[in-house]
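Engineer: This is the structure, below, for whatever I ask next.
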Amino acid sequence: MKKLVVLTGAGVSAESGIPTFRDSGGLWEGYDVMEVATPEGWAKNPTLVLEFYNQRRKKALEVQPNKGHEVLVELEKYFDVTIITQNVDNLHERAGSTHVVHLHGSLFESRSSKDDALIYPVNGWELKLGEKCELGSQLRPNIVWFGELVYKMDEAVHYAKQADIFLVVGTSLQVYPAADLIQYTRPDTQKIIVDPKKPDYRMGDIVFIEEGGGAGMEKVKKLLLS
Ligand code: NAD
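In numbering that gives the first Met the number 0, the protein residues as written are 0 to 225.
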């Protein structure tokens with residue numbers, strides 16, 4: 000089976016009703032990302048940060064996977080599929096994808112603010128101030144914030160290097176190091192990008208499908224199975 004490696008971003012969840020980040024003028028749901036998605040923001044106001052992610056978690060639990068997620072599940076019948084997602088929602092898993100790497104962490108995990116290795120599931124939508132790890136420090140969302148190390152990048156690079164087909168769906172390719180993953184593919188890797196707006200990226204030999212996630216993924220399926 001050919002190896003299909005898929006890099007997804009916020010755009011793949013847009014048709015489920017989760018707004019992207021870049022399309023709302025650099026604010027994330029009306030919040031300044033520096034306040035809610037950086038270690039400095041956490042140090043300054045943990046209550047605000049917890050509340051921000053509680054709302055994102057609540058929303059993620061209310062929505063359903065869309066056609067784009069579903070086609071990626073269907074493609075597992077024909078390809079060895081690995082999804083590397085920048086998304087912190089769990090819509091790929093809920094759709095049924097079996098191999099998902101969360102490059103930027105997950106809304107549904109918390110971690111110790113003292114020891115990065117202590118990770119716990121978050122059940123339900125709320126993570127509260129006062130909820131502590133076994134070392135007695137406050138639990139924070141297990142999200143990779145701006146300025147933090149993307150500790151799953153080596154794993155993602157490993158998959159990108161093996162890709163026979165590398166597909167990018169719904170990402171502005173402006174958040175690094177994720178945006179660089181495509182550079183690790185082989186020269187003979189077939190490369191496809193799906194996005195309604197052409198990312199500001201040197202396309203070279205990349206096939207660009209100018210569509211939203213659902214319609215775009217239907218086109219990708221046709222292309223790959225023809
Ligand atoms: P981004 O917001 O920077 O870019 C979104 C991309 O999606 C854009 O290129 C846009 O043209 C495209 N898009 C818009 N509507 C689309 C549709 N219907 N179908 C397909 N594509 C569509 O997102 P990013 O590149 O993923 O980076 C933003 C960061 O914010 C990431 O680190 C991510 O963790 C975080 N984020 C996550 C979520 C989520 O988990 N669902 C949502 C917002 C932001």
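Virtual Cβ for every residue (Gly too), placed ideally from N, Cα, C.
None of these values were measured; they are calculated from a predicted model.
1) Where does His103 land, buried or exposed, given buried means 16+ other C-beta within 10 angstroms?
2) Alpha carbon to alpha carbon, what distance is there between Lys58 and Ile192?
3) Quick test of the definition: if touching needs 3 or more C-beta pairs under 8 Å, does the stretch 92 to 102 touch the stretch 75 to 82?
4) In or out: Gln182 buried (at least 16 other Cβ within 10 Å) or exposed?
5) Using a threshold of 8 Å, is the CB atom of Asp88 nearer than that to any non-hydrogen atom of the ligand NAD?
6) Using the rule of at least 16 other Cβ atoms within 10 Å of the residue's Cβ for burial, across every protein chain shown, is Pro176 buried or exposed?
7) Are the stretch 39 to 48 and the stretch 133 to 149 in contact at 8 Å, needing three or more beta carbon pairs?
8) Is Val11 near the ligand NAD, going by C-beta to nearest heavy atom under 8 Å?
9) Taking only heavy atoms of the ligand NAD into account, decide whether any of them is closer than 8 Å to the Cβ of Lys196.
10) For Leu106 and Ile164, which I take to be in contact (beta-carbon distance under 8 Å), what is that distance rounded to the nearest angstrom?
11) Could you have a look at Leu223 and say whether DSSP puts it in helix, strand or coil?
Structural biologist: The relevant details are as follows:
1) Within the sequence shown, numbered from 1, the residue matching residue 103 stands at position 104. Looking at its Cβ environment, which holds 16 or more other Cβ atoms inside 10 Å, His103 is buried.
2) Within the sequence shown, the letter at position 193 stands for residue 192. Within the sequence shown, the letter at position 59 stands for residue 58. Rounded to whole angstroms, Ile192 and Lys58 show a C-alpha spacing of 27 Å.
3) Cβ pair count under 8 Å is three or more, so yes.
4) As a working mapping, residue 182 is identified with position 183 in the sequence shown. So Gln182 counts as exposed.
5) Residue mapping note: residue 88 aligns to position 89 of the sequence shown, counting from 1. At least one heavy atom of the ligand NAD is nearer than 8 Å to the Cβ of Asp88, so yes.
6) Looking up residue 176 in the sequence shown gives position 177. The residue in question, Pro176, is exposed, as its Cβ has fewer than 16 Cβ neighbours within 10 Å.
7) Contact holds: three or more Cβ-Cβ distances are below 8 Å.
8) As a working note, residue 11 is residue 12 in the sequence shown. Yes; taking the cut-off as 8 Å, the Cβ of Val11 has a heavy atom of the ligand NAD nearer than that.
9) Stepping through the sequence shown from its first residue, residue 196 is reached at position 197. Set against 8 Å, the gap from the CB of Lys196 to the closest heavy atom of the ligand NAD is smaller.
10) As a first step, residue 106 is located in the sequence shown; it is residue number 107 there, counting from the start. As a first step, residue 164 is located in the sequence shown; it is residue number 165 there, counting from the start. About 29 Å separates the two Cβ atoms, so there is no contact after all.
11) Taking the first residue of the sequence shown as 1, we reach residue 223 at position 224. It is helical.
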